[in-house]
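Under the working numbering, residues 16 to 414 are what the sequence shown spells out, in order. Note that the Cβ used here is the ideal one computed from N, Cα and C, for glycine as well. This structure is a prediction, so every number in the text was calculated from the model and none was measured.
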Amino acid sequence: MPKISTDRLLSDLHELRRIGEYKTGVHRPSLSPEDIASRHWLIDKLTQAGLKPQIDGIANVYGWDPSPGRKILMGSHIETQPHGGWLDGAMGILYGLEAARTLGRGIDVAAWFDEEGWFGSFLGSRSFCGQVTDAEIDSATRRGDGIPLRTALDEAGWGSAKRVQCDPARYLGYLEAHIEQGAELVLSGDRIGIVTAIVGSHRFRILFEGVQNHAGTTRMARRKDAGVALVRLATAINDRFAVLGNERTVWTTGQISIEPGSPSIVPGKGEMVFQFRDTDPELLAKLGIELNALVAEAAEGPCRVTLVTTGITTPAAMDPRFQDALEASAVRHAPGKVQRMPSGAGHDAQILAAIMPSGMQFVPSIDGVSHHYSEDTKDEDLVLGCQVFVDAAAALLGD
C-alpha cells in the first residue's frame, strides 16, 4: 500500500491551525475573515496536489480529481465552534488531501460549509445533496451577530457563484475521518474507531411567558414566574428521559435565559434551548412524544409554555462494505486496537449517506475533549489514522 508523508500531513495540520489561532485551539466562525482565509489556503493546497479547485455559491470548497474513473469523495468542515479545537473538521479535510496526493488518482476532496451550524444545519453538505432551497439561504443569519448569509456570501465574493450538486454516478462513495470527540477510544485503549451509525438529533427552543412583577411585593401564590416554570420543566425532562433513554441516549439544556434578569424582579419571560440525540429512530420518536407531553403538562401551570422545533436530523447507518474496508486496514496497522462504535456527534457523513455509500473513521481525542480550545490528539494517532484511512480508500478503489 502507498505510504503517506508524515511530515507533510502534520505540517499542513499545523499550518491551517494558525489561521484563526486562539490559545491552543482555533476560532473560525463560518464566513468570518479567518474562515474565508482558510478556504483560500485550502484552494492553494488542492491546486498544488493536482486537483481542480472550486468554491461554489454556498462556500463549499472542492478539489476535483481530473483522472478518469469513479471516485471516492472525502471531506469534512473547516470552520470551528467558538474558541474550539484545531482538529475538529480540519483533520478530515487534510486526510482527504493527503489521500489524493498519496494515491494520485480517484479522490475528490470537499470542505463542507457550516457543519458547525453558524447559519443553519449542515448547509454545505445538504446543498451538495440537493436539500437546500434558495429560500432557506435567503432566511439564514449567523448566530451571534445576525449577519444574513446572502450578505456574508456576497462580501466573500461567492454570492454569485452557482451551487454544486452531486452527480452520484461519479462516486463509489464518501469517506470522512474525524477525531472521536468523546472518551470511548481513550477509555478502551483503542486507537481507531469504525463508525457504525451517526446519531440523529432533535433541537428545540422552549419559551415561557409569565408576568413580570415586583419581587418584594408580589406574594408567592399570585406569581406567574417564568424562571420557576423553566427550572421545573428542565428537571422533569431530565428525570423522564433518564427512564426512557438507553446508555448512549443524550439530552442537553445548552442555554437558559430569563427576562429581565434582575434580582428584584419576578421573571416575566424565559427560554431554554434543548436537544436530544440517539441512533434509534423509534426511541427518538418516543422522546419527542414525551417532550410534547411534558410541555403540555407544564403549560397547565401559571405560565404559558411553547415548544418550537428548530431542527431535526435523522440517524444514518454507515455502509457495511465501507466499514469492513476501514476495519481491515485498521486491523492491519493497529491489531487489537480497533472497535466499531456509533457516533454521538453529528457529521456531514450522515447527510452524504442519503445519496451514496458512506463510511467514517475516528481517532482518539485526548481525555475525550472537544468543542474547546484544549482539544488535542497525539501526533502518532493522527499519522496512524491517516494511513489507515488512505489504505482503506485504496482498497475500495481497487488498487
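- In this structure the region 312-322 does not lie against the region 352-371, because fewer than three pairs of beta carbons, one per stretch, are closer than 8 Å.
- Uninterrupted beta strand (DSSP E) stretches at least 3 residues long and entirely within the region 338-377 occur at 353-358, given in chain order.
- A distance below 6 Å between beta-carbons, with the five flanking residues on each side excluded, links K239 to the following residues of its chain, in chain order: G225, V226, P317, C318.
- I58 sits in a helix when the DSSP states are folded into three classes.
- According to the DSSP assignment, Y189 belongs to the beta strand (DSSP E) that extends over 186-194.
- Considering only A171, G188, E274, P282, the residue with the shortest C-alpha distance to T233 is P282.
- For the 9 Å CB-CB criterion, H348 and V403 form a contact.
- Secondary structure of M287 (DSSP, three-state): strand.
- In the three-state DSSP reduction, F134 falls in the coil class, being neither helix nor strand.
- Excluding residues up to 5 positions away in sequence, D80, G121, I122, D123, R185, Y186, L187 lie with their Cβ nearer than 8 Å to the Cβ of K86 in the same chain.
- In this structure, G359 sits near R292, with a CB-CB distance shorter than 9 Å.
- Taking T95 as reference, the option from V179, W56, R255, I34 with the minimal CA-CA separation is I34.
- With a cut-off of 8 Å on Cβ pairs, the region 106-116 is not in contact with the region 201-220, counting fewer than three such pairs.
- Within the same chain, L61, L66, P68, V124 come within 6 Å of G78 by CB-CB distance, once the 5 residues on both sides are set aside.
- Only exposed fits L202, as fewer than 16 other CB atoms lie within 10 angstroms of its CB.
- Per DSSP, P68 lies in no alpha helix (DSSP H); the unbroken beta strand (DSSP E) holding it starts and ends at 67-70.
- Counting only unbroken stretches of 4 or more residues, the alpha helix (DSSP H) elements lying wholly within the region 199-248 are 199-203, in sequence order.
- Less than 9 Å divides the Cβ of V398 from the Cβ of I19.
- F134 places its beta carbon less than 9 Å from that of L46.
- Distances from the CA of V179 to each of D254, I73, A155 were compared; the closest alpha carbon is that of I73.
- Each of S154, E191, S142 was checked against the Cα of V378, and the nearest Cα belongs to E191.
- Nearest to I280 by alpha-carbon distance, out of N228, V76, L57, is N228.
- Within a 10 Å sphere around the beta-carbon of M235 sit fewer than 16 other beta-carbons, which makes this residue exposed.
- C-alpha of G231 to C-alpha of G104: approximately 51 Å in a straight line.
- When C-alpha distances from E151 are compared across H92, G139, A408, the shortest belongs to G139.
- Closest by C-alpha distance to K301, out of G326, T264, C144, is T264.
- An exposed status is given to R336, since fewer than 16 other beta-carbon atoms sit within 10 Å of its beta-carbon.
- Under DSSP, T267 forms a beta bridge with Q290.
- The residue among P44, G145, W127, Q338 with its C-alpha nearest the C-alpha of G99 is P44.
- A straight line joining the alpha-carbon of F223 with that of S272 spans about 10 Å.
- Cα atoms of T21 and A332: separation of roughly 31 Å, rounded to the nearest angstrom.
- Shown here, L46 sits in coil according to DSSP, grouped into three states, outside any helix or strand.
- By the 16-neighbour rule on beta-carbons within 10 angstroms, G326 is exposed.
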